[in-house]
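1186 is the number that this note's numbering gives to position 384 of the sequence shown; each next residue is one higher, with no gaps. Here's the structure, in structure tokens; my notes come after.
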Amino acid sequence: MTDRMAAQKFNLFDLPEDYYVSPQRYFAMLREHDPVHENADGSVLLSRYADVSKVWMDLSSSVDKTEMFTEKFGPGPLLEHHTHTMLFRDPPDHDRLRKIVNPFFSKKNVDRMEKFVADLGDQLVENVRKKEEFDYVKDFAFKVPMTVIAHILGVPREDAERIHEIGMKILFPLNPNVSDEVVREGHEAVAEFKDYLLQHLEKRRALASLDPEADIISTLAQAQRDGSEISDLEILHMCILLLNGGHETTTNTLAVGLLSLVNDPESLAMMRDDPEVGRTGPDELIRFITPIQLQGRRLTKPLEIPSGPVLPEGTEIILCPASANRDPEKFDQPDRLNLHRKANRHYAFGGGVHLCIGRLLAKMEISTILPKFLNAFSHIEITRDPEFNRNARFRGLKELQVKVRE
Ligand code: HEM
């Protein structure tokens, strides 16, 4: 089969096993031979940087999936969640909600959280130091966002693991072809999480004065007190969104990031001790990994894209930032991890109005935590073939067994 035929036959809903280990070969084929690829369900997969950019910056494209989710989830808390968060809402509702939480993710507030993250890094390194051989995903990477998010929500640290499990049950049904059981668990998980968060919201409301910079629940309670237009349901679903938005992405960046660095000793050495890399390195690592590999948009009017056709109104588009971020038309030597790369306008954090609100926090976590781990051990060895998850959207590692020596 020629590469062109292989590109045309590419099926996002029935991916070959090696795709999960190394999707870039498929992306290169699509960019070259079928950049406006029609998927089996009639949606269109865009893989070139210029096309992804055009859609992401198009203010008329929509994220509202009420119709699709109603059919997929049926009525209940799961549908309520995925139709109430700003991630799946268009302006003006999106902008109204984003404006309320935006200050919490400002540079000033993220800088304030740096000490908490640095202390957490030291503590996690100490925990694994005693082990010598361990699963880096479970024992290290996963614990970073889990603890940071409990901190930013303002809920007890002991609850972090449990709320993460609930969060996963809410996120998983977004994958294609999920079972009724997964959907049922999703509904139950949203109901349980809402009850849990409501108790914390009520506690904040009982306080005479609130510090909106302390945690997100206080930010949201204070906003309501000040008369901002936000309902109780919107508050609860915002908290769930923030838990899910920052979790898998950061874990996967820390895990695939370590794997990429161990496979590239020159970059690993730079990440350990090159001060210049502190500024450009985290962004480049995030470009290289692109933890959210696919995103959806629907056109609300016809759109002409650089690769050719005018896409009609109503087209469901699947954007592939993981491919756009390796497009040689945009990036010099795109498959090389170049921690000094400048003017790195990648799409790992998305673009347009939904640009990741947690990007400064994510970069701070990566640039604080990864060097701590790398500097604690002079020898880091991967002892088993890394196991990738089978998630085409949130690409990450299930497990990364490492052996370390000081
Ligand atoms: C390396 C880590 C991260 C990556 C790669 C990432 C990636 C992204 C991407 C691609 C989007 C855009 C989605 C779209 O356009 O449909 C997004 C949005 C978002 N992210 Fe992140 N994210 C990361 C970390 C975080 C963190 C730490 C948080 C918060 C704790 C967070 C919260 C959010 C939220 C709330 C949105 C929705 C914004 C909106 O709809 O306006 N993310 N993220």
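All C-beta atoms, glycine included, are put in the ideal place defined by N, C-alpha and C.
Taking the C-beta atoms as reference points, VAL930 is found nearer than 7 Å to PHE936. Counting only runs of 4+ residues, the alpha helix (DSSP H) found wholly inside the segment 1087-1146 occupies 1123-1126, in chain order. Listed in chain order, the non-local C-beta contacts of ALA943 below 7 Å within the same chain comprise THR1053, LEU1056 and ALA1057, local neighbours out to five positions each way being set aside. Judged by their CB atoms, SER1062 and LEU1141 are not nearer to each other than the 7 Å cut-off.
Closer than 6 Å to some heavy atom of ligand 1: that does not describe the Cβ of PHE1196. In the structure shown, LYS1205 falls within a strand segment according to DSSP collapsed to helix, strand and coil. Non-local beta-carbon contacts of VAL903 in its own chain, meaning distances under 8 Å to residues more than five positions away in sequence, involve ILE1018, THR1021, LEU1022, MET1040, LEU1044 and ILE1159 in chain order.
Check the Cα spacing between ILE954 and each of GLU990, LEU1163 and ALA1150: the tightest is with LEU1163. Set against 6 Å, the gap from the CB of PHE1151 to the closest heavy atom of ligand 1 is smaller. Linking PHE1090 to ILE972 through their CA atoms gives a straight-line distance of about 27 Å. The three-state secondary structure of HIS1181, taken from DSSP, is strand. In the same chain as SER1030, and ignoring 5 residues on each side of it, the C-beta atoms closer than 6 Å to its own belong to ILE902, in chain order. In the DSSP assignment, ASP1028 falls outside any beta strand (DSSP E) and carries neither an H nor an E.
With a beta-carbon spacing of about 12 Å, ARG1099 and SER855 fall beyond the 8 Å limit used to define contacts. In the three-state DSSP reduction, LYS811 falls in the helix class (H, G or I). Residue pairing by DSSP places SER864 opposite ARG1100 in a beta bridge. Under DSSP, HIS883 shares a beta bridge with no residue. Between ASP1129 and ARG850, the C-beta spacing is below 7 Å.
According to the DSSP assignment, PHE890 belongs to no beta strand (DSSP E), since it is labelled neither H nor E. In this structure HIS886 touches LEU1035 by the C-beta definition: roughly 6 Å separates them, less than 8 Å. Between LEU1113 and LEU1121, the gap from beta carbon to beta carbon reaches 7 Å or more.
Take PRO1111, set aside five residues on each side of it, and the residues of its chain with a beta-carbon closer than 7 Å to its own are VAL838, in chain order. For THR1052, the shortest C-beta to heavy atom distance toward ligand 1 is below 6 Å. Looking at the DSSP output, ASP1076 sits in no beta bridge, so it has no partner there. For PHE829, the enclosing alpha helix (DSSP H) covers residues 826-835. Distances between the C-beta of CYS1041 and the heavy atoms of ligand 1 are all 6 Å or more. Excluding its 5 nearest sequence neighbours in each direction, HIS835 has C-beta neighbours in its own chain below 7 Å: ASP805, ARG806 and ALA809, listed in chain order. In the three-state scheme derived from DSSP, where H, G and I count as helix and E and B as strand, LEU1009 is classed as coil.
7 Å or more divides the Cβ of PHE815 from the Cβ of ALA852. In this structure, the CA atom of MET859 is about 5 Å from the CA atom of GLY1154. Residue range 909-931 is occupied by the alpha helix (DSSP H) that includes PHE918. Residue nearest to GLN1097 within the set LEU817, LYS867 and LEU880 is LYS867 (criterion: CA-CA distance). The beta-carbon distance between THR1092 and ALA1071, rounded to whole angstroms, is 24 Å. This is too long to meet the 8 Å contact definition. Residue side-chain check: LEU1038 keeps its Cβ at 6 Å or more from all non-hydrogen atoms of ligand 1.
Collapsing the DSSP output to three states places HIS1002 in a helix. Distances from the CB of PRO1093 to the heavy atoms of ligand 1 include at least one below 6 Å.
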